[in-house]
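Quick note, the sequence shown lines up with residues 131 to 402 if you use the numbering used here. For each residue, glycine too, the CB sits at the ideal point set by N, CA and C.
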Amino acid sequence: MIRKIATLVFACAAFTSVSATADQLDTVIQRGTLNCGVVLDFPPMGYFDENNEPAGFDVDYCNDLGEVLGVDVKVLNLTWGDRIPSLISGKTDVVIGSTSDTLERAKTVGFTYPYFVFKFQVISHKDKNIKSFEDLKNLKVGAALGTTYETEYLAYADQQGWGRDNYTSFKSENDAYLGLYQGKVDAIISTNTNIATKLRSEEFEDFVAGPYVPNYDDVVGIIAKRDELAWINYLNLFLVHQIRDGNMNAAYNKHFGVDAPADLIQSLRDNK
């Protein structure tokens, strides 16, 4: 009896040891489901299609990741502010949510290699006649809360001494565009990709794309828990294969209507 108990204790200890060393990659595969966070009010990266199903470039990456892992995919709709908390709480396994790879964020979560690069741009009504970024000085400007373009705009405004009295922070990307449409602000800052999508809609036919935020390229990565190094290594290899196997170009063509620019592909190959 003593021998049987000792054997059972040893087996339990061994199982505990294996469980303790299991990482997020093992967890996802064993569970059979990938919980993938995406911001779904940010077309063409993330949005709801005509059937109210998640769609977009980031959603395609979630599905491609699930396919190579051999698991089902559950796409979870996040706001910009939800991205990091969703990982910390365990709600998501990974967030493919156009997250700028800032050093400040990297103190909290782990970043992969870059998988996309944006420009930050102004969108406004045609009658505002915004020709340069300096024209925003005396206008009411807004952006979505928790975005890097909010941070970059405010940093520039502070540097120029414009002040923040005319700035409005919106809870989400949709709220920012609604505020612009309703005239609550004269202009908002968003990404060149999202603005291009909005300008193709009838709702924004009287609006125009304006100048870019000066001297800034928005490089984004996939994020995961900071200590999940094996998981992040796998995600890095996944991104390499997305380019190598043509999936990145296919997704770009699907959502932007053209092949991915050669300089973008090269930049991603160089991991910068």
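Under three-state DSSP, which class holds residue i?
| i | result |
| --- | --- |
| Val-247 | strand |
| Lys-204 | strand |
| Thr-281 | helix |
| Val-189 | helix |
| Pro-434 | This structure gives no information on residue 434, because the portion of the chain shown stretches from 131 to 402. |
| Val-388 | coil |
| Pro-173 | coil |
| Leu-275 | coil |
| Val-158 | helix |
| Thr-298 | strand |
| Val-338 | strand |
| Val-370 | helix |
| Asn-379 | helix |
| Lys-314 | coil |
| Leu-269 | coil |
| Gly-211 | helix |
| Trp-292 | coil |
| Glu-234 | coil |
Is it buried or exposed, residue i, if we count other Cβ atoms within 10 angstroms and call 16 or more buried?
| i | result |
| --- | --- |
| Val-315 | buried |
| Arg-399 | exposed |
| Ile-218 | exposed |
| Leu-308 | exposed |
| Arg-213 | buried |
| Thr-242 | buried |
| Ser-216 | buried |
| Gln-251 | buried |
| Glu-197 | exposed |
| Asp-202 | exposed |
| Thr-232 | exposed |
| Leu-365 | buried |
| Asp-190 | buried |
| Glu-282 | buried |
| Leu-310 | buried |
| Asp-223 | buried |
| Glu-358 | buried |
Assuming the contact rule is C-beta atoms closer than 8 angstroms, residue i and residue j should be a hit. Round their C-beta distance to whole Å, please.
| i | j | result |
| --- | --- | --- |
| Ala-285 | Ala-306 | In fact, because the Cβ distance is near 18 angstroms, the residues do not count as touching under 8 angstroms. |
| Val-239 | Lys-384 | Not a contact, Cβ separation roughly 28 angstroms. |
| Ile-260 | Gly-167 | Rounded, the Cβ-Cβ distance is 34 angstroms, inconsistent with contact. |
| Val-350 | Phe-246 | 5 angstroms |
| Thr-229 | Ile-353 | 5 angstroms |
| Gln-154 | Trp-361 | 4 angstroms |
| Phe-337 | Lys-256 | 7 angstroms |
| Leu-323 | Asp-348 | In the sequence on display, residue 323 carries Thr and not Leu. So it is not a contact: roughly 10 angstroms between Cβ atoms. |
| Val-343 | Phe-263 | 7 angstroms |
| Ala-390 | Tyr-382 | 4 angstroms |
| Leu-206 | Leu-164 | About 10 angstroms; that fails the 8 angstroms criterion. |
| Ala-317 | Val-271 | 5 angstroms |
| Val-158 | Leu-199 | 6 angstroms |
Can you tell me which of the options puts its alpha carbon nearest to the alpha carbon of residue i?
| i | options | result |
| --- | --- | --- |
| Ser-302 | Asn-296, Leu-266, Glu-280, Trp-292 | Glu-280 |
| Gly-291 | Phe-300, Leu-275, Leu-266, Ser-299 | Leu-266 |
| Arg-254 | Gln-312, Asp-389, Val-201 | Correcting the residue identity first, residue 254 is Ser in this sequence and not Arg. Taking only the C-alpha atoms, the option nearest Ser-254 is Gln-312. |
| Asp-171 | Gly-162, Val-225, Pro-184 | Pro-184 |
| Pro-173 | Gly-276, Asp-295, Leu-329, Gly-200 | Leu-329 |
| Ser-397 | Asn-304, Pro-244, Glu-264, Gln-289 | Pro-244 |
| Asn-268 | Asn-182, Thr-209, Val-388, Asp-295 | Asp-295 |
Based on the DSSP output, what are the partners of residue i in its beta bridges?
| i | result |
| --- | --- |
| Ser-320 | Gln-251 |
| Ile-395 | In DSSP, Ile-395 forms no bridge with anything. |
| Gly-351 | Thr-229, Pro-244 |
| Gly-220 | Partner(s): none; Gly-220 has no beta bridge. |
| Phe-178 | Pro-184 |
| Asn-165 | Lys-204 |
| Phe-263 | Per DSSP, none; premise fails for Phe-263. |
| Val-239 | Lys-355 |
Checking contacts by CB at 9 angstroms: is residue i closer than that to chain B?
| i | result |
| --- | --- |
| Tyr-279 | Considering every chain present, this structure includes no chain B. It has just one protein chain. |
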